[in-house]
Each structure stands twice: as structure tokens, then as C-alpha cells.
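Here the structure is laid out as C-alpha cells; the discussion comes afterwards.
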Amino acid sequence: MKGRLFVIFSLLFPLLSNAQQSHELLQAATIAAEKNEIQSAVYFYRAYIENEHPTDPRLFLNYAHALRLSYLYVEADNAYEKVMFLDTASAFPEAVFYRAMTKKNLGKYTQASDLFKQYISLQNNDTTLLVKRALLELEACRLAPLWISDTLTVYIEALDTIINSPHSEFNAIQLSDTALYFSALRP
138 MKGRLFVIFS LLFPLLSNAQ QSHELLQAAT IAAEKNEIQS AVYFYRAYIE NEHPTDPRLF
198 LNYAHALRLS YLYVEADNAY EKVMFLDTAS AFPEAVFYRA MTKKNLGKYT QASDLFKQYI
258 SLQNNDTTLL VKRALLELEA CRLAPLWISD TLTVYIEALD TIINSPHSEF NAIQLSDTAL
318 YFSALRP
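Taking this note's numbering, the leading residue of the sequence shown gets 138, the next gets one more, and so forth.
Next up, the structure:
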């Protein structure tokens with residue numbers, strides 16, 4: 138009898154310790170996010186998601202926010218998409234807004250416009266700050282392609298090694314077409 142209990146306990150113990158470790162990962166992610174240690178939060182959320190494969194939209198929303206704040210827009214877009222898929226009760230409409238923001242930051246203005254329109258329609262004429270911002274961002278998505286097509290052609294020339302040294306240069310000021318003044322740290 139003792140032998141059977143030992144075998145059963147031996148088989149169940151690794152599962153229990155894995156559950157404890159996953160809980161600690163989620164707790165560490167939450168604490169890191171509260172302390173604005175965004176990179177750490179991304180790491181812990183990612184590790185938790187890879188271990189547990191959760192279906193909680195709030196968890197993915199927190200993960201997506203951390204990714205967006207870390208400028209990992211492609212991954213944030215995927216995480217917000219997952220939130221929208223899992224959020225069947227429409228409890229997190231802000232996920233649509235922030236997914237639109239990631240699309241805009243990636244330069245996908247038509248997709249971002251569609252998502253901003255979707256977010257505005259979900260809010261039913263609400264006048265919150267986020268809805269007002271969505272209206273402004275929608276206009277920015279409309280104007281961005283116009284601004285991109287209207288830019289001047291710029292020629293960037295690499296300067297001589299006298300200027301581009303392995304040491305830091307500070308406060309470069311162009312005096313005329315031929316003169317560039319700067320200060321440099323030299324050995």
C-alpha cells in the first residue's frame with residue numbers, strides 16, 4: 138500500500154510543482170506590470186502563456202498592453218487579436234482601440250481605420266476620452282497616406298571619417314552648405 142502511494146505521489150508531485158511555478162510566473166508578471174517594469178512583465182506573461190495556454194481574455198489584454206508599451210507592435214497585434222477572439226462577451230472593447238493603434242504604428246492605415254470605426258460603433262455615441270481619441274486617430278489614418286506621398290526626396294550622404302569617428306560627436310550644427318560645426322570626444 139505504501140509503495141502504491143509513493144508511486145502515485147511521485148507521479149503527481151511534478152504536476153503540482155509545475156502549477157505552482159506557473160502561478161508564480163503570473164504573479165511576477167502582474168507585479169512587474171504594476172511597477173512599470175514592462176520588459177519583465179512581457180517575459181513573465183510570455184512564459185506563463187507558453188506553459189499554461191490560458192483562455193482568459195484579461196490575461197491576454199495585459200500581455201498585449203505590455204507588448205505595445207515595449208514597442209513590439211507585431212506581437213501586440215497578435216495578442217490583441219487573441220483578446221478579441223476570446224472576448225465573446227465584449228467585456229474589453231478597448232482591445233479594438235489598442236489593436237487599431239498597433240496597426241497604425243505598423244503603417245497599416247486602412248486596417249487601423251476599419252478597427253477605429255469598429256471601436257467607435259461599439260461605443261454607441263459615447264463621449265469618453267478614448268472615443269474622442271479614436272476619432273482623431275481615424276482622421277490621422279486618413280491623412281497619413283497623403284503625407285507619405287507628399288514628402289520631399291531626401292539624399293543622405295555619409296560624411297567623411299573625420300566627422301564619423303568611433304567616438305561620440307555632440308551638437309552638430311550646419312552653418313552653410315559646406316560647413317558643419319560639432320564637438321567631439323577624442324582620445
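Think of the CB as a built atom: it goes at the ideal place given N, C-alpha and C, for glycine as much as any other residue.
Which residues in the same chain as residue i place their Cβ atom closer than 7 Å to its Cβ, once the five residues preceding and following it in sequence are excluded?
i, result
"A165", "F181"
"T167", "none"
"I175", "A203, L206 and S207"
Quick check on this structure: which residue in the options has the alpha carbon closest to the alpha carbon of residue i?
i, options, result
"P230", "L289, E218 and K241", "E218"
"Y235", "A281, Y210 and H160", "Y210"
"Y200", "R183, E189 and T288", "R183"
"L275", "L252, A309, A203 and Y292", "L252"
"S333", "A169, A213, P191 and E171", "A query on residue 333 cannot be resolved here, the shown segment of the chain reaching from 138 to 324 and no further."
"T239", "N261, Y292 and S207", "S207"
"D193", "A228, T290 and Y292", "A228"
"D297", "W284, T288 and A316", "A316"
Checking the sheet assignment: what are the DSSP bridge partners for residue i?
i, result
"L103", "A query on residue 103 cannot be resolved here, the shown segment of the chain reaching from 138 to 324 and no further."
"L317", "Q311"
Here's a check: name, in chain order, each residue in its chain whose Cβ is nearer than 6 Å to the Cβ of residue i, leaving out the five neighbours to either side.
i, result
"A281", "Y246"
"N155", "Its pLDDT being 47, under 50, N155 is placed unreliably in this model, and the coordinates cannot settle the point."
"Q260", "V268"
"F197", "A216, K219 and V220"
Excluding the 5 residues flanking residue i on each side, which residues of the same chain have their C-beta closer than 8 Å to its C-beta?
i, result
"N188", "N155, Q158, S159 and L162"
Return the Cβ separation of residue i and residue j in integer angstroms, given the expectation that the two are a contact with Cβ distance under 8 Å.
i, j, result
"A271", "Y292", "Going by Cβ atoms, the distance from A271 to Y292 rounds to 38 Å, so no, they are not a contact pair."
"D224", "A213", "Wrong, their Cβ atoms sit about 16 Å apart, outside the cutoff."
Segment contact flag, the segment 218–227 with the segment 243–251, C-beta cutoff 8 Å, min 3 pairs: Two segments are said to touch when three or more pairs of C-beta atoms, one from each, lie closer than 8 Å; by this definition the segment 218–227 does not touch the segment 243–251.
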